[in-house]
Structure formats: C-alpha cells, structure tokens
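Visitor: Pasting in a structure now, in structure tokens, and then I'll have a few things to ask.
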Amino acid sequence: MEQSQQKQQLIEEVGVHLEERANLSPLASRIYALLILSSHEGMSFESIVSTMQASKSSVSSNINVLLQLSYIEYHTKPGDRKRYFRTSDFYIKNALEQQSHLLEKGLKIVQKINHFNEDHNPEKFKNEKTLGLLYENHLNEQLQKIHQTLIEIEKLKKQA
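According to UniProt numbering, the sequence shown is numbered sequentially starting from 1.
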C-alpha cells in the first residue's frame, strides 16, 4: 500500500475515533487527523481543501471550530500571505484534559448511584457494593494517571 493511500486510510480511522471521543463533526475530525499526520510546518488552507475534497466554506467553518477549541493553530511565513495550519503544541494535552473531564463526570454519576443504592436499595447495594466500588476505584485510578501525565506534559512544555 502506498504512503498516500495509507495516510488516507489512517486519516479516516483517526477521524472516526476523534469524532466519537472529541465530539467533533466528521469534517473537523478528519481535518484534525490530517494535521496530526502532517509535518510541523502545517498545511495551507488550499491544501486542506484539496485533500479533504470539501467546499471552502465547510473547511473554513471546521477550521474555525478547531482554532476556537485550541486543537490547531496557524502561522505565516515571511513573504507569504498564506496561513499554514498545524496541530497546537502538545495537542495530546487537549485530548487528555477532555478525557479527564468525561471521567470526572462519569465518576460523579457512579458515586451518586452508589450512594442512592446504599440509602434506598440497601439489599441491592449490599449485593452489588463490590462492583460499584470497584468501578468507582477504576475511574479514580484513571483520573490519577491522566493527571500525572498532564503534569509530565507541563514539565516537557517548560523544557521546550
């Protein structure tokens, strides 16, 4: 399989993943995937339009969403009026922060369920206590790992 075909396939695969995980539109997800898989120099608007085979207005709207979310940034080159888009530095940090937010929401719900069942369904809580607490502990461990990784990213950021 040639590189461009591999890249297109990976853009699609990463795009679908980002669509589900980051709650992005299909086109925004694929633009983001394209930029993740592109060089740090970035890509011009025209190149993105050409690669995505989408209308200029659709690409523009989705790029603006990605810019507002700080998933991507743009830069210019001296003597060149074009804007070049690339992923924001440490874009993985954005993904981890989003995952952390989702885990925190999930943890709050699991805790509410456990407390409700403990107060209002004592027999059910007694029978399922281990499962509910096991899942609560799992979510807490995941959050701790993400927070530790975010600390490591901040250290890398300061070194850069």
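Cβ atoms here follow ideal geometry from the backbone N, Cα and C, with glycine treated the same way.
Evaluate S29 with the Cβ neighbour count: other Cβ atoms within 10 Å of its Cβ, from every protein chain shown; 16 or more gives buried, anything less gives exposed.
Guide: Its Cβ being crowded by 16 or more others within 10 Å, S29 is buried.
Visitor: Taking DSSP as the reference, what is the three-state secondary structure of H40?
Guide: H40: coil per DSSP, three-state reduction.
Visitor: Quick one: grab the DSSP three-state call for D89.
Guide: Residue state, collapsed to three classes: coil.
Visitor: Is T87 buried or exposed, if buried means 16 or more other CB atoms sit within 10 Å of its CB?
Guide: Buried.
Visitor: For N62, is the classification buried or exposed, using 16 other Cβ atoms within 10 angstroms of its Cβ as the cut-off for buried?
Guide: With 16 or more other Cβ atoms within 10 Å, it is buried.
Visitor: G42: which of F85, N23, A54 sits nearest, CA to CA?
Guide: It is F85.
Visitor: Kindly indicate which three-state DSSP category E118 falls into: helix, strand or coil?
Guide: In the structure shown, E118 sits in a helix (DSSP, three-state: H, G or I).
Visitor: Can you tell me the Cα-Cα spacing of E128 and H138, whole angstroms?
Guide: When rounded, the distance between both Cα atoms is 15 angstroms.
Visitor: Please list the terminal residues of the continuous beta strand (DSSP E) segment that includes E2.
Guide: Here E2 belongs to no beta strand (DSSP E), and DSSP marks it neither H nor E.
Visitor: Taking the alpha-carbon positions, what's the A33 to R81 distance?
Guide: Rounded to the nearest angstrom, the two C-alpha atoms are 25 angstroms apart.
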